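This report concerns only the one structure given below.
In the UniProt record's numbering, the protein residues as written are 1 to 235.
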């Protein structure tokens, strides 16, 4: 098995027994990818392809993927590209047509990054609102528990705290939420005069009522009878 890194396209054109091809250059242009695509169409021994470049555009990636559709010997495909957008569909079509493809790894950012434990797509902080809004609408605004169950069944790394914050600002849920009615207290009815009094104590220590040298009043006691509403003041 020959392992060949990305050196030049001309060296690949004269080699028809390449089984492992790794594209790890930092500057791969579209014309280079197009030339590689033409070579891959005639190479029947290619078994492993690794694309590790952030500069490959969608056009260049699409040319490479379309060339691989005619290669029935490809078994391993690794694509590490943060700028892949439109070439995801051709890759999916490649997986359907190529029955010999055994290993596939595509890392394109948050769109298809999966959790190792749950095997579900990972969502980061910036996509929490759209994800929770979609799942909350699919359960017809069913509340916290139903929304949490729906989110966990499709995605990973979405915390419960983010769902609670979203529900507090959901307008349909706030409109449907019943208003809490305060319990009306039962009044206490007095049976007669001077049977129930209300006492208010007024503090006058900052400005005491000085009548004589030895007579100073610092407090005022206000008593109100609930039955007759008679008020009396005591110093």
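We put the beta carbon where it would ideally sit given N, CA and C, even for glycine.
Since the model is a prediction, treat every value here as computed from it, not as a measurement.
147 is the residue among 153, 218, 179, 147 whose C-alpha sits nearest the C-alpha of residue 162. When beta bridges are read from the DSSP output, residue 143 appears opposite no residue.
Distances from the alpha-carbon of residue 233 to those of 170, 159, 201 put 201 closest. Shown here for residue 132: same chain residues with a beta carbon closer than 8 Å to its own, the five before and five after excluded, namely 147, 151, 158, 162, 163, 166 in chain order. No Cβ-Cβ contact shorter than 8 Å links residue 141 with residue 114. DSSP places residue 232 inside the beta strand (DSSP E), whose first and last residues are 231-234. Straight-line measurement puts the Cα of residue 181 at about 40 Å from the Cα of residue 124. Bounds of the alpha helix (DSSP H) holding residue 130 are 128-138.
The C-beta of residue 169 has fewer than 16 other C-beta atoms within 10 Å across all chains shown, which makes the residue exposed. For residue 218, the CB contacts under 7 Å within the same chain, skipping 5 residues up- and downstream, are 204, 205, 208 in chain order.
Residues 148 of the same chain have their beta carbon placed closer than 7 Å to that of residue 160, with the five preceding and five following residues left out of the count. Rounded to the nearest angstrom, the gap between the Cα atoms of residue 154 and residue 143 is 17 Å.
The C-beta separation of residue 199 from residue 223 comes to about 5 Å, placing the pair in contact by the 8 Å criterion. Rounded to the nearest angstrom, the gap between the Cα atoms of residue 118 and residue 177 is 34 Å. In the structure shown, residue 153 adopts helical secondary structure according to DSSP, grouped into three states. Rounded to the nearest angstrom, the Cβ distance from residue 185 to residue 226 is 15 Å, too far for a contact under 8 Å. DSSP lists no bridge partner for residue 173.
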